[in-house]
Each structure stands twice: as structure tokens, then as C-alpha cells.
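Residue numbers (the working numbering): 3 to 507.
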């Protein structure tokens with residue numbers, strides 16, 4: 003069968019992806035700095051081999067014949083879904099010449115490696131040429147994809163991270179948030195002025211933080227037999243479903259940042275570990291876009307781990323992890339205080355440290371800049387000034403000459419991940435919608451969370467999200483789980499309940 007030929011080809015590609023995932027994890031976590039150039043060449047070569055698999059001359063004929071097999075009833079419903087996903091992925095890959103793929107990967111590797119040192123030095127001038135090289139090549143990629151898929155270049159990039167999503171839909175959702183959040187933020191900030199909070203004072207040893215992170219990520223359901231926790235410049239979840247690699251970074255003056263980072267990435271990891279093993283290395287077995295992926299990390303971090311119910315369970319573990327300092331600061335180490343601390347709203351520079359109320363502003367800023375960049379309204383040289391202007395508009399903060407906390411703070415652009423950022427806020431909306439549905443389905447969920455019991459919730463997510471992988475579209479998964487397509491309603495209700503209502507009830 004031609005379908006079988008395609009499945010075998012995509013399995014080989016999946017194995018190449020497995021190898022690249024481990025090389026990229028190693029590069030971020032433990033590769034010696036001087037090994038960067040050779041590593042970039044090795045990864046680019048693997049991507050070239052991968053591209054050759056995608057662009058075999060038989061592929062068009064195999065897809066045509068496999069489509070006929072599907073129409074003749076020779077494929078199961080899951081095989082049909084896999085065929086759909088294989089064709090979607092192949093269309094994107096086939097649109098790109100191999101030399102452009104390899105050149106892009108080399109430029110992205112060089113840019114990311116430079117970013118790691120230059121960000122710390124606040125050196126935009128040295129970093130800018132690296133980013134310009136990435137953007138120039140990514141514009142070629144976007145143009146080729148747009149032509150092949152009949153999309154605008156930026157829509158074509160977004161589609162790579164969130165299949166079927168377009169700027170027109172994002173604009174509507176972001177406009178609704180943009181109308182709601184400024185006034186809401188002011189109301190919350192005014193309310194919280196009258197709510198005292200005590201920040202625990204360290205030092206909090208990194209190793210103690212690591213042990214606490216391991217304890218809690220296992221408690222919420224992350225399988226350490228198929229994963230691990232390490233340290234990197236930028237927290238991420240990588241690897242493959244059978245070998246999920248989570249990283250975080252530690253601040254010995256503040257244990258909460260790393261802990262919430264671990265739980266956030268554990269949400270990603272649980273999703274990967276819950277994908278159907280029988281479809282491993284096949285497109286239908288992959289996560290359903292980055293918005294769904296981000297929904298799982300944000301559901302774990304924001305909906306669950308920052309809730310009062312979760313902190314009733316986790317506070318004794320925190321007290322035990324930092325026994326000496328906790329015993330000296332008993333009022334700081336209460337569930338009530340840690341809940342106020344974990345839901346404190348602040349205007350800040352750093353996206354990954356932002357609270358869930360101000361976070362969308364960080365995403366909207368990046369979305370606007372990316373879109374202007376790929377619609378040729380600005381150049382890379384214009385980014386710092388525009389960033390500073392929009393940060394002042396959206397959050398009242400200036401980043402003039404502060405590149406490390408401004409436009410150099412994220413790894414995404416150095417790594418060529420343009421079109422990714424909208425997924426974060428789309429994921430927050432999805433997380434709120436899914437958690438609202440889970441609460442309706444599981445009436446005792448709040449009590450279970452407060453007791454450290456996550457089995458029923460994980461089973462619900464496994465049934466409605468994780469096991470679905472890409473066997474259905476994102477909208478189909480969301481409508482089946484929640485009864486409606488993506489909207490801002492549940493997210494706004496969640497914020498109102500947590501920050502202006504009584505989440506403890």
C-alpha cells in the first residue's frame with residue numbers, strides 16, 4: 003500500500019527528529035561552548051537528510067495513491083487522520099528547497115549560540131547581525147510557504163505552530179483581551195495594595211529547589227521513568243514522548259520562580275508522555291499545535307499550581323524543603339501568604355516571570371512586532387525602539403538601552419521561531435476553557451487538588467486531550483472537550499474569580 007510507504011517514511015523522519023531533539027537539548031544544557039560550530043554543522047546535516055526523506059520523488063504519487071486507498075475504505079479512521087497530517091506536514095516541507103533549510107538552521111544555531119552570551123552582556127550591536135541573518139532567511143521561508151499554502155507569509159509561519167490559525171482570528175481574540183485587561187489590571191493592582199504579602203527570604207539552595215521541583219512534578223503526574231530535570235539558560239521542555247527533557251533555572255534568592263517553571267514545563271511533559279504510543283513517530287501522534295501544548299503547561303502552572311487548593315497541599319513540602327529559613331519566617335510560609343504571593347500582579351519586563359494578568363501584554367507586543375517585521379513595515383534595526391514604545395504603552399515600562407530585559411530576553415527569535423508567540427496566549431485561553439470543563443465534569447476537583455490527588459484530572463485530560471494527539475484538529479478537540487470553539491470567556495471569568503472573587507471557596 004502507498005499509505006504504508008508513507009508511514010514507513012515518516013517513521014524514519016520521526017527517528018531523525020528524535021536524534022535532533024537530543025542534540026538540541028544537549029546544546030542548551032551541557033554542550034561545551036567551543037563545540038558550537040561543529041554542532042551547528044551536524045544538526046544542519048541531519049535536517050538536510052530529513053528534508054531528503056520528505057522530498058523523495060515518489061512522495062506525490064504515494065499521496066495520490068494513498069488518498070485513493072482512503073476513499074476506497076482501505077484505511078481506518080486513524081490512518082485517514084494520519085494521512086491528513088502527513089500531507090499537511092509534507093506540503094510545508096516540500097515548499098522549501100534543501101539549501102534554504104540548511105542555511106536557515108545554520109544561521110539559527112549561530113544566532114542562538116551568540117544570544118546566550120550576548121544577552122548577558124546587553125550587547126544588541128553584536129547580536130543584531132546574527133538576528134538579521136536569521137530574519138532574512140526566515141522571510142524566504144515564509145514567502146515560499148505562503149505561496150505553496152495560499153497564505154500570507156506571516157500566516158504561513160503561524161500555521162506551522164498552530165495549524166489552521168490565522169491573524170484574523172488572533173486579532174479578534176487579542177482585541178477582546180486588549181479591551182478587557184487594562185481596566186481589570188488597574189482594579190486588581192488597587193485591590194492588592196490593601197492585601198499584604200510577605201516574600202520569603204533566602205538563601206534557598208539550588209539543590210534544595212531541585213529536590214522540591216522533582217517531588218512536585220512527580221506528584222502532579224510527571225513520569226520520571228520517561229523524563230528528567232536539568233538546568234539551562236532558558237526553561238524549556240524538549241526531547242521526545244518516551245524521553246522528555248525538562249529544564250529550569252534557579253535563583254537562590256527566590257525559589258518560587260524555578261518551582262513554577264518546573265511545574266509549567268511538567269505540564270508540557272505530561273502532555274508529551276500522554277500522547278498515544280501506538281502513533282509514536284507519526285504526525286497523527288504528535289501534539290496538536292503549540293496552543294494546545296501551551297494550554298497544558300498553563301493549566302498545570304496557572305490554573306492548578308497557583309491556586310489556593312494546590313498551595314494547601316504544597317506548602318508543607320515547601321516548608322520541609324527549606325526547613326531552616328521557613329522556621330524563621332513562619333508567616334511567610336503559610337498557604338494563604340504563598341497564594342497571595344503566587345497571584346501577585348506586577349508590571350514587569352520579563353515575559354517568563356509575568357503573572358497571568360499582565361502576560362498577554364507581553365505576547366501582544368511580540369505578535370505586533372513579528373507581524374510588522376514579516377509584512378516589511380519595520381526592519382530588525384527598528385525592533386528595540388518599537389519594543390520600548392509598546393512596552394510603555396502596554397505596561398508603562400521603558401526598555402531604552404536595556405536590551406537584555408527587552409528585545410533580547412527570549413530565545414525564540416534567535417532560534418528562528420517566528421509565529422510561535424501567539425500560541426502562549428491562545429494556550430492560556432485554551433487552558434481556562436479546558437479547566438472550566440474539567441471542573442464541571444469533576445465536582446470534587448478542588449478538594450482532590452488540595453489533597454495532592456491528580457489522578458482524576460489527569461485521566462480526564464488524557465481522555466479529552468492527550469490521547470487525541472493530532473488525530474483530530476485543535477478546534478475539534480476543544481469543542482468535544484468543552485462544547486465550544488476557542489473564546490476569551492472562560493479566561494476572563496477565571497481572572498475575575500481568582501483576583502476579584504474568592505478562589506478559596
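Every residue gets a Cβ at the ideal spot worked out from N, C-alpha and C, and that includes glycine. Quick caveat: nothing in here was measured; it's all calculated off a predicted structure.
Taking residue i as the reference, which of the options has the closest Cα?
{"i": "residue 252", "options": "269, 280, 214", "result": "214"}
{"i": "residue 159", "options": "427, 418, 129", "result": "418"}
{"i": "residue 177", "options": "498, 490, 497", "result": "490"}
{"i": "residue 363", "options": "326, 399, 204", "result": "399"}
{"i": "residue 317", "options": "267, 82, 344", "result": "344"}
{"i": "residue 119", "options": "406, 437, 110", "result": "406"}
{"i": "residue 448", "options": "314, 81, 361, 157", "result": "314"}
{"i": "residue 267", "options": "242, 236, 299", "result": "299"}
{"i": "residue 366", "options": "184, 6, 280, 337", "result": "184"}
{"i": "residue 340", "options": "110, 203, 134", "result": "203"}
{"i": "residue 373", "options": "11, 29, 137", "result": "137"}
{"i": "residue 484", "options": "274, 63, 425, 462", "result": "462"}
{"i": "residue 308", "options": "96, 39, 497", "result": "497"}
Give me the Cα-Cα distance between residue i and residue j, rounded to the nearest whole angstrom.
{"i": "residue 1", "j": "residue 350", "result": "Given that the chain is displayed from residue 3 to residue 507, the structure contains no residue 1 and the question cannot be resolved."}
{"i": "residue 4", "j": "residue 70", "result": "10 Å"}
{"i": "residue 86", "j": "residue 195", "result": "53 Å"}
{"i": "residue 200", "j": "residue 420", "result": "39 Å"}
{"i": "residue 76", "j": "residue 67", "result": "11 Å"}
{"i": "residue 305", "j": "residue 100", "result": "42 Å"}
{"i": "residue 507", "j": "residue 310", "result": "Below a pLDDT of 50, predicted positions are generally treated as unreliable, and residue 507, at 46, falls in that range; no measurement from the model is reported."}
{"i": "residue 93", "j": "residue 325", "result": "56 Å"}
{"i": "residue 338", "j": "residue 197", "result": "11 Å"}
{"i": "residue 386", "j": "residue 380", "result": "11 Å"}
{"i": "residue 409", "j": "residue 152", "result": "31 Å"}
Between the beta-carbon of residue i and the beta-carbon of residue j, is there less than 8 Å?
{"i": "residue 259", "j": "residue 232", "result": "no"}
{"i": "residue 108", "j": "residue 42", "result": "yes"}
{"i": "residue 440", "j": "residue 492", "result": "no"}
{"i": "residue 302", "j": "residue 242", "result": "no"}
{"i": "residue 459", "j": "residue 444", "result": "yes"}
{"i": "residue 292", "j": "residue 376", "result": "no"}
{"i": "residue 1", "j": "residue 472", "result": "Because the chain spans 3 through 507 in this model, residue 1 falls outside it and cannot be assessed."}
{"i": "residue 156", "j": "residue 104", "result": "no"}
{"i": "residue 265", "j": "residue 218", "result": "yes"}
{"i": "residue 110", "j": "residue 240", "result": "no"}
{"i": "residue 234", "j": "residue 31", "result": "yes"}
{"i": "residue 468", "j": "residue 229", "result": "no"}
{"i": "residue 285", "j": "residue 84", "result": "yes"}
{"i": "residue 523", "j": "residue 412", "result": "No statement about residue 523 is possible, as the shown extent of the chain runs from 3 to 507 and does not include it."}
{"i": "residue 516", "j": "residue 224", "result": "Here the chain covers residues 3 to 507 and nothing more, so residue 516 does not appear."}
Does DSSP put residue i in a helix, in a strand, or in coil?
{"i": "residue 348", "result": "coil"}
{"i": "residue 365", "result": "helix"}
{"i": "residue 507", "result": "Because residue 507 sits at a pLDDT of 46, beneath the cut-off of 50, its placement in the model cannot be relied upon, and the following sentence gives the value as read from the coordinates. Coil."}
{"i": "residue 239", "result": "strand"}
{"i": "residue 290", "result": "coil"}
Taking 8 Å as the CB-CB cut-off, is residue i touching chain C?
{"i": "residue 41", "result": "Of the chains in the structure shown, none is chain C; there is only one protein chain."}
> Contact between the segment 326-341 and the segment 374-390: three or more CB pairs below 8 Å?
Replying inline: no
> Does the count of Cβ pairs from the segment 431-438 and the segment 115-135 closer than 8 Å reach three?
Replying inline: no
>> Count Cβ pairs between the segment 65-82 and the segment 13-25 that sit closer than 8 Å; are there 3 or more?
In response: no
>> Would the segment 142-154 count as touching the segment 449-456 if we require 3 or more Cβ pairs under 8 Å?
In response: no
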